[in-house]
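For reference, the structure discussed in these notes is given below.
There are 2 protein chains.
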Amino acid sequence: MVSIKDVAKKANVSTATVSRVISRPEAVKEETSMKVMKAIHELKYQPNVLARQLRKLETKTILVIVPDITNTFFSKVLRGIEYVAVSKGYKVLLGDAGNDVAREGEFLNVLRQKQADGIVLLTARMETSLIEEFALDYPLVLACEYIEGSTIPTVSIDNISGARKATEYLISLGHKKIGMITGPLNVVLGRDRLKGFSQAMARHDLPVEPSLVQEGNFTYDSGYNMMLKFLALSNPPTAVFAANDEMAFGAVKAVKDRRMRVPEDISVIGFDDIEFSSIFEPPLTTISQPTFEIGTTAMELLLKLINEDELTRNQYILEDKLIERQSCVSNNNPL
Amino acid sequence: MVSIKDVAKKANVSTATVSRVISRPEAVKEETSMKVMKAIHELKYQPNVLARQLRKLETKTILVIVPDITNTFFSKVLRGIEYVAVSKGYKVLLGDAGNDVAREGEFLNVLRQKQADGIVLLTARMETSLIEEFALDYPLVLACEYIEGSTIPTVSIDNISGARKATEYLISLGHKKIGMITGPLNVVLGRDRLKGFSQAMARHDLPVEPSLVQEGNFTYDSGYNMMLKFLALSNPPTAVFAANDEMAFGAVKAVKDRRMRVPEDISVIGFDDIEFSSIFEPPLTTISQPTFEIGTTAMELLLKLINEDELTRNQYILEDKLIERQSCVSNNNPL
DNA sequence: ATTTAGAATGTAATCGATTACAATCAGGTT
DNA sequence: AACCTGATTGTAATCGATTACATTCTAAAT
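Taken in sequence, the protein lines are chains A and B. Count along the first sequence starting at 1, add 548, and that's the number in this note's numbering. Count along the second sequence starting at 1, add 548, and that's the number in this note's numbering.
Right under this line is the structure:
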């Protein structure tokens, strides 16, 4: 291990000078600088970042807690975070909870032990009071999810308006009997998308029949099963809004298995626009989230927090977008 | 920031004793220990890990370089790595190259600067000499990819035998005219899967016609286009082996767009068994890689390297598996 | 030649832990 | 009482950088 002392000795200067050559070259004479650089190269010196960090009490590392790294939605957000982080000289520590809520909280110790300068949470399923407290002590940004009534800086889309948009699209196609497969209603995300659905229906004076709202859990299987329930109805919906794409896939599959067609017999719209949605058959009409931008915005926000810059606001709502593909069609089955 | 000194003062002992209470409690008297613990709790003391790491010259962190984090194949391997890492008290630094070869190499500095104790490479596209040199100086494990003729510890499946297995499966179904859509042939992975294909054909005395081997680049679009080439032949293949699932999806789509059916008119087999292969229509027959196990094995291997344990061998070949779904069927179109 | 300001460099404290070594203590032996 | 041993605890060096402050140099001004 070659340290700054070795370089200093070799170049016949003090360690202070070596340090200055590295961090503030303008403060040292050209000639000395050359000498030092030469020694650095000859010894292949690499500063020990741990020592630097200890001295400066900063790590140039941020922690990202992800509920499930194998979910492309999150990995795309993560990529956005990484992109900005690396460009600003930060490294990204990954905390993958593997869909286990208990593990999410454990990662917080990384911050407490000063091994990261800040944290981005892509999940808010742990105790909200814990998160709130934590945000008081450390730079923290919420992305994708949010906590109701909290002032923690948050980046996300407006899930209510997104869901409303999806529903109104179906309505604009002439559908009146519309079913919804919701996400789990114990998380804000699930509730918000249902809320958007209800708002759209109300705005157009359409009734929301309880039998046409089924609670899923964001999985393919739940989408499949809930659609089966709809199809068992004496008077099934002509269109279905699934709160995410996986459930929409399951729903479409259920329709096909019943020897019916999407979109001819039933229109289906999803939410998220994941990778496979365009490859799926029929290509899925859905609401697209700006995943990469959510990531970059969250990271930029965190950087401001770390640098104690003034925040102009703490809720950043990004634009979602309706992606029209081929799983929805005008209602040709008027009551 | 409360440090060990504050605790020492409060408990009326030296910092050495506090340190011992934390790391070797058996070396300090019960009574003192209690006093110290009390102070620790009252002050909510958290040891500064940076300082500890600096002193011990270890970081309890490993770096994983991923070519593309949004690819579920890699994120599953990553999850395996994380799983073992966290259970052994290690943290995972993520280096996502975003499919940019140049960025892969940049992450190596993290190691040089002693910010990680070891590294797992899920890609070997940078200069092999660079990797070889690096492996001399730092604990390094290759996962998924490998370098020909290298002694670097490697965890992967046997791509040649996997490809052979896929091809022989088609042959066992009575197919004789079999096409292959390869991966890029400038990477070992691509070459190996082609090699396996050729071996299987040779073993069964089947000719490999040049027009029936098309080079793709692992993307959906390339699969689509190469299949189009096959279909334009006067005598197209009755079965096609695509070197990964994405290309297989594209290939199937091409067949459908030509108003033919998979598997009735053409059988298609893929490689990797990614998430959507089972949802795809028809559900894709493919070779499944034990992604999670690749990750766990790689991490365990790296741990051994870090602890300087003896390695019994340096090539770990895990078992792949043929997953029979519905995209392949017996040849009903004998020449 | 002397003074002086500003540039360049060096000295040593510091960040917060760990740990080799030294010092002290408690209790048992003689 | 004097001595010894092993258990406990304390002192201070150490890890490798950064940086406040002190010192020395340089060159221009007087």
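Cβ coordinates follow ideal geometry from the N, Cα and C atoms, glycine included. From a predicted model like this one, the values you see are computed outputs, not experimental measurements.
Check: Look up residue 789(A) in the DSSP assignment and say whether it is helix, strand or coil.; Outcome: strand
Check: Mind listing which residues of the region 639-668 of chain B have their C-beta closer than 7 Å to chain A's C-betas, in chain order?; Outcome: 639, 640, 641, 642, 644, 646, 658, 660, 661, 662, 663
Check: Quick one: which chain A residues come within Cβ less than 8 Å of residue 797(B)?; Outcome: 827
Check: According to DSSP, simplified to helix, strand and coil, what is residue 772(B)?; Outcome: helix
Check: Measuring CB to CB, does residue 584(B) end up less than 8 Å from residue 561(B)?; Outcome: yes
Check: With 8 Å as the C-beta to C-beta threshold (strictly closer), list the residues of the region 568-602 of chain B near chain A in chain order.; Outcome: 594, 595, 596, 597, 598, 599, 601, 602
Check: Could you tell me the boundaries of the alpha helix (DSSP H) in which residue 601(B) lies?; Outcome: 597-604
Check: Consider the Cβ of residue 861(B): report whether some Cβ of chain A lies at a distance smaller than 8 Å.; Outcome: no
Check: Report yes if the CB atom of residue 819(B) is closer than 8 Å to the CB atom of residue 739(B), and no otherwise.; Outcome: no
Check: Check the DSSP bridge columns for residue 727(A) and list the partner residues they point to.; Outcome: 788(A)
Check: With DSSP as the reference, identify every bridge partner of residue 761(A), one or two as the case may be.; Outcome: 728(A)
Check: Below 8 Å on the Cβ atoms is my guess for residue 691(A) versus residue 704(A); work out the distance and round it to an integer in Å.; Outcome: 7 Å
Check: Taking 8 Å as the CB-CB limit, is residue 812(A) close to chain B?; Outcome: no
Check: Who are the neighbours of residue 618(B) on chain A, taking C-beta pairs under 8 Å?; Outcome: 620, 623, 624, 627, 823
Check: Is DSSP giving residue 617(B) helix, strand or coil here?; Outcome: coil
Check: In whole angstroms, what separates the C-alpha of residue 637(B) from that of residue 847(B)?; Outcome: 12 Å
Check: Do you know offhand how far residue 876(B)'s Cα is from residue 624(A)'s?; Outcome: 33 Å
Check: Span of the alpha helix (DSSP H) holding residue 685(A)?; Outcome: 676-685
Check: Go ahead and label residue 794(B) buried or exposed: buried means 16 or more other beta carbons lie within 10 angstroms of its beta carbon, across all protein chains shown.; Outcome: buried
Check: May I have a chain-ordered list of the beta strand (DSSP E) segments no shorter than 3 residues that lie completely inside the region 680-720 of chain B?; Outcome: 688-691, 702-705
Check: Regarding residue 568(B) and the ligand MG, is the C-beta to nearest heavy atom distance less than 7 Å?; Outcome: This structure simply doesn't include the ligand MG, nor any ligand for that matter.
Check: From the DSSP output, read off the bridge partner residues of residue 863(A).; Outcome: 702(A)
Check: What does the Cβ neighbour count give for residue 728(B), buried or exposed, with the cut at 16 atoms within 10 Å?; Outcome: buried
Check: Can you tell me where the beta strand (DSSP E) with residue 666(A) in it begins and where it stops?; Outcome: 666-669
Check: Please tell me whether residue 772(B) has its Cβ less than 8 Å away from any Cβ of chain A.; Outcome: no
Check: Write down the C-beta distance between residue 878(B) and residue 722(B) rounded to the nearest angstrom, noting that I regard them as a contact closer than 8 Å.; Outcome: 5 Å
Check: Taking just the CA atoms, how far does residue 718(B) sit from residue 810(B)?; Outcome: 14 Å
Check: Could you check the C-alpha separation between residue 756(A) and residue 737(A) for me, to the nearest Å?; Outcome: 19 Å
Check: Have a look at the DSSP bridge pairing and note the partners of residue 612(A).; Outcome: 642(A), 668(A)
Check: Can you name the residues of chain A whose CB is closer than 8 Å to the CB of residue 630(B)?; Outcome: 617, 642, 644, 646
Check: Just tell me which of 854(B), 798(B), 880(B), 803(B) has its CA closest to the CA of residue 539(B).; Outcome: The structure shown does not extend to residue 539(B), since chain B is modelled only from 549 to 883, so the question has no answer here.
Check: Determine which residues of the region 761-787 of chain A have a Cβ less than 7 Å from any Cβ of chain B, and write them out in chain order.; Outcome: 768
Check: Between which two residues does the beta strand (DSSP E) carrying residue 816(A) extend?; Outcome: 815-817
Check: How long is the line joining the alpha carbons of residue 837(B) and residue 594(A), rounded to whole angstroms?; Outcome: 39 Å
Check: Can you give me the C-alpha to C-alpha distance between residue 644(A) and residue 588(A), rounded to a whole angstrom?; Outcome: 38 Å
Check: Once you ignore the five residues that flank residue 868(B) on each side, which residues in its own chain have a CB closer than 8 Å to its CB?; Outcome: 705, 706, 709, 710, 713, 835, 836, 837, 838
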